[in-house]
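Letter by letter, the sequence shown follows residues 293 to 506 of our numbering.
Cβ coordinates follow ideal geometry from the N, Cα and C atoms, glycine included.
Written out below as structure tokens is the structure these notes cover.
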Amino acid sequence: MQKAKIIVDTREIYSGIPDLLAMKADVEIKQLPVGDYILSEHIAVERKRAEDFLDSLIRKRFFEQINRLKEAYDKPILIIEDEGLFSRNVSERAVYGAIACILTDYEIPVIRTRDAEETASLLYAIAVREQFRKKKEISLRGKKPMMSLRERQQFIIEGLPNVSATLAKRLLDYFGSVKNIMNASLVELKRVEGIGEKKAKAIKEVIEAKWKKD
């Protein structure tokens, strides 16, 4: 019997969810440029534990993540997992305001789950419906035709190892094009602020490694 395929970001390894998914689905662990779980070429899921959701609101980085998710996928989903959404020193008004913004301004569904097991069950159900109902193969990157050329260039560079949105812009500013970044030497990459020896080697490895067939 054919299994659904779910691509999981490396940061989710210790959540327990990949192990639960692997009981029913084919799970592939990747370093994803955006999102935590890719369920089809159209659907990516950002999972936040309640505590992490509140932390990201306090540090004001959450909406940057949500915006990137919205830009990359047609049907992004946010899952807020476990209880405790109102246990921190964040007002109820601020929490509901953020959720309202996600729902209305970004038009992203927000789903609450109780624990990792419930999250895994939901992810699997969505993946099965999306992949087998439409008989689609899963893609690592979303297909978002509304991206501008500049956004598409940045999106490509953010797919490199440990390259954030800020660092992607810095690389593009320095080298001037995606092609120049791909052709840059180890020494040239290290000239960009934020790229050391380890990160430069990881980038070159992805660019230069031979493709291995399944």
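**Asked** Going by beta carbon distance, what residues of the same chain come within less than 6 Å of Ser413, once the five residues before and after it are set aside?
**Response** As a working note, residue 413 is residue 121 in the sequence shown. None.
**Prompt:** Is there contact here, the stretch 388-398 with the stretch 295-304, by at least three beta-carbon pairs under 8 Å?
**Reply:** no
**Request:** Please go through the stretch 429-485 and give each complete alpha helix (DSSP H) segment of 4 or more residues, from N-terminal end onward.
**Result:** 441-450, 457-467, 470-475 and 478-481
**Message:** On the DSSP letters alone, give me the boundaries of the beta strand (DSSP E) that Tyr324 sits inside.
**Reply:** Position 32 of the sequence shown holds residue 324. Looking at the sequence itself, residue 324 is Leu, so the reference to Tyr does not match. No beta strand (DSSP E) holds Leu324; DSSP gives it neither H nor E.
**Asked** CB-CB under 7 Å to Thr404, same chain, minus the five flanking residues each way: which ones, in chain order?
**Response** The residue you call residue 404 lines up with position 112 of the sequence shown. Going by the sequence as given, residue 404 is Arg instead of Thr. The residues are Ile372.
**Prompt:** Below 8 Å between beta carbons: does that hold for Gly376 and Ala342?
**Reply:** Counted from its first residue, the sequence shown places residue 376 at position 84. Counted from its first residue, the sequence shown places residue 342 at position 50. For Gly376 and Ala342, yes; Cβs fall inside 8 Å.
**Prompt:** At which residues does the alpha helix (DSSP H) containing Ile394 begin and terminate?
**Reply:** Locating residue 394 in the sequence shown gives position 102, where the first residue counts as 1. For Ile394, the enclosing alpha helix (DSSP H) starts and ends at Glu384 to Thr396.
**Message:** Taking a contact to mean a Cβ-Cβ separation below 8 Å, would you say Leu370 touches Val402 in this structure?
**Reply:** Taking the first residue of the sequence shown as position 1, residue 370 is located at position 78. Taking the first residue of the sequence shown as position 1, residue 402 is located at position 110. It is a contact, given that the beta carbons lie within the stated cut-off.
**Item:** Simplified DSSP assignment, three categories, for Leu370
**Value:** Looking up residue 370 in the sequence shown gives position 78. In this structure, Leu370 counts as strand in the three-state DSSP scheme.
**Prompt:** By the 10 Å Cβ neighbour count, where 16 or more other Cβ atoms means buried, how is Gln446 classified, buried or exposed?
**Reply:** For this step, residue 446 is matched to residue 154 along the sequence shown. Result: buried.
**Asked** Between the C-alpha atoms of Arg353 and Asp347, what's the straight-line distance to the nearest angstrom?
**Response** Position 61 of the sequence shown, counted from the start, is the residue given in the question as residue 353. Position 55 of the sequence shown, counted from the start, is the residue given in the question as residue 347. Those two C-alpha atoms are separated by around 9 Å.
**Prompt:** Is Val498 buried or exposed, if buried means 16 or more other CB atoms sit within 10 Å of its CB?
**Reply:** For the purposes of this step, residue 498 is identified with residue 206 of the sequence shown, where counting begins at 1. Label assigned to Val498: exposed.
**Request:** Starting from the N-terminal side, write out each stretch of the alpha helix (DSSP H) that is 4 residues or longer and does not extend beyond the stretch 322-352.
**Result:** If only uninterrupted alpha helix (DSSP H) runs of at least 4 residues are considered, those enclosed by the stretch 322-352 are 342-350.
**Prompt:** Under a three-way DSSP split, which group does Arg406 fall into?
**Reply:** As a working note, residue 406 is residue 114 in the sequence shown. Arg406: coil per DSSP, three-state reduction.
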